[in-house]
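In structure tokens:
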């Protein structure tokens, strides 16, 4: 299939020839070439007032106004349900045309998706932030189109830090010293370490990256039990958790949402957070600062980046219409509108450039600055969803009094290797 350098020829030609007006004059509402695209999307809102349904309703209305031959039918589900809903549709042979979800590799491996280059125009495909575009690849081919992104920073409570006479840490040693001072001041969670089942994979990767490791230090395999990763969790166990500096809830039982809520109550000295925590903390009157994640000898050279994905399914064969709609979705105006609505980072270079200088986006700039330095989950690996689930289930044991980081990471590595072998 040829990659499009401009809008769909079929749709554009119909408009140019005035066919819509002719059909309307004949009293015909639709025609045999009319297409309905079905899109399943995730909800980024936290209430009915800012539900993603409202965002999509506005966007689709604007698109359909200029494209009378195309109807876009959008269904929005919560993040708790959307991936399972799409999987059920695919398993039933009723795949949507588009799905905005958390993972794509399994569908790509089963040859169910269009390649990004099959549907996107060249300028739109080239506009993706390179780190995110690369993360959307399976074996060097992009199937996952980034839709939303965020990075993580170390949040700290300015009031608690001032009371303890502290400055923001830049190294692990300084972080531990600050946590010790905060504990002496009676702070409930000197450093909140959420390794519970909700989002342990994020906190884990942030720490591994700051220690010079990661989930996949080689292209071909996982490296969960690398020397760097074991050293990182040895430090966490012995210097933070073992010293009682992570609060009253065991890290393996502390979820991100609970940690964020405690920060908003003024009970947390430090924790890793994404942009949404700013709004939550501000609403509760918490004075906070944000700095890059500390590393062994200075600020971490690599930040955690997270992306969600747009996928285009081949089942219904609507490549031209899908591509034309996605060109509209990813134009600068619409990417900025979505990012600003939900305190997320743009996935395109053009929108990122605007956000880097616009005064209204000043609060997001520290996160935006981390994006070029970020590393995402290995979402291009078909085994990642299962490996991630195992990390969520087991990693908290590594920092318990009787836990052994080398053993836990070794078990996770063995599981990942077994899963990889089963897919070869």
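Numbering (this note's numbering), first residue to last: 666 to 1089.
Note that beta-carbon positions come from the ideal geometry of N, C-alpha and C, so glycine has one too.
Since the structure is predicted, the reported quantities are computational estimates derived from the model, not experimental observations.
Could you name the residues that DSSP lists as bridge partners for residue i?
| i | result |
| --- | --- |
| residue 1013 | 793 |
| residue 968 | 1039 |
| residue 706 | 741 |
| residue 820 | 936, 955 |
| residue 802 | 807 |
| residue 975 | 765, 810 |
| residue 870 | DSSP lists no partner for residue 870. |
| residue 785 | Its beta-bridge partners do not exist; DSSP assigns none. |
| residue 991 | Bridge partners of residue 991: none, in fact. |
| residue 720 | Residue 720 is not bridged to any residue. |
| residue 1077 | In DSSP, residue 1077 forms no bridge with anything. |
| residue 778 | 978 |
Judging by CA-CA distance, which residue of the options is the nearest neighbour of residue i?
| i | options | result |
| --- | --- | --- |
| residue 953 | 756, 731, 780, 822 | 822 |
| residue 907 | 788, 845, 984, 1088 | 845 |
| residue 922 | 873, 860, 976 | 860 |
| residue 900 | 875, 1083, 1037, 883 | 875 |
| residue 755 | 1086, 976, 1048, 1035 | 976 |
| residue 1079 | 1010, 886, 984, 710 | 886 |
| residue 804 | 995, 981, 1047 | 1047 |
| residue 747 | 1030, 950, 917, 709 | 709 |
| residue 938 | 985, 913, 1049, 1035 | 1035 |
| residue 790 | 1044, 1064, 988, 729 | 988 |
Considering only residues of the same chain and omitting the five flanking positions on each side of residue i, which have a CB-CB separation below 8 Å?
| i | result |
| --- | --- |
| residue 1016 | 997, 1000, 1001, 1004 |
| residue 909 | 848 |
| residue 1062 | 917, 1068, 1073 |
| residue 687 | Unreliable placement is indicated for residue 687, whose pLDDT of 36 sits below 50; the coordinate value is still reported in the next sentence. Nothing listed; no residue qualifies. |
| residue 850 | 825, 828, 829 |
Can you name, in chain order, every residue of its own chain whose Cβ lies under 6 Å from the Cβ of residue i, other than the five neighbours on each side?
| i | result |
| --- | --- |
| residue 1066 | none |
| residue 809 | 769, 801, 974 |
| residue 964 | 835, 957 |
| residue 959 | 834, 835, 836, 837, 840 |
| residue 934 | 822, 825, 847, 852, 855 |
| residue 764 | 705, 751, 976 |
| residue 718 | 741 |
| residue 1041 | 800, 970, 972 |
| residue 759 | none |
So, for residue i: in the same chain, excluding its five sequence neighbours on each side, which residues have a beta-carbon less than 7 Å away from its beta-carbon?
| i | result |
| --- | --- |
| residue 936 | 820, 856, 857, 924, 928 |
| residue 945 | 925, 929 |
| residue 721 | 706, 739, 741 |
| residue 806 | 780 |
| residue 799 | none |
| residue 882 | 888, 891 |
| residue 694 | Low confidence applies to residue 694: its pLDDT is 43, below 50, so where it sits in the model is not reliable, and the reading given next is rough at best. There are no such residues. |
Determine, for residue i, whether the minimum Cβ-Cβ distance to residues of chain B falls below 9 Å.
| i | result |
| --- | --- |
| residue 865 | Absent here is chain B; the protein component of the structure consists of one chain. |
Practice task
Check whether the segment 699-719 touches the segment 738-754, counting contact only when three or more Cβ pairs, one atom from each stretch, lie closer than 8 Å.
Solution key: yes
Practice task
Pick out the complete beta strand (DSSP E) segments inside the segment 891-963, 3 residues or longer, and give them in chain order.
Solution key: 933-938, 953-956
Problem - Given 8 Å, three or more beta-carbon pairs between the segment 1010-1025 and the segment 788-796 - result: yes
Handout entry: Cβ contact check for the segment 1021-1028 and the segment 765-782: 3 or more pairs under 8 Å
Key = no
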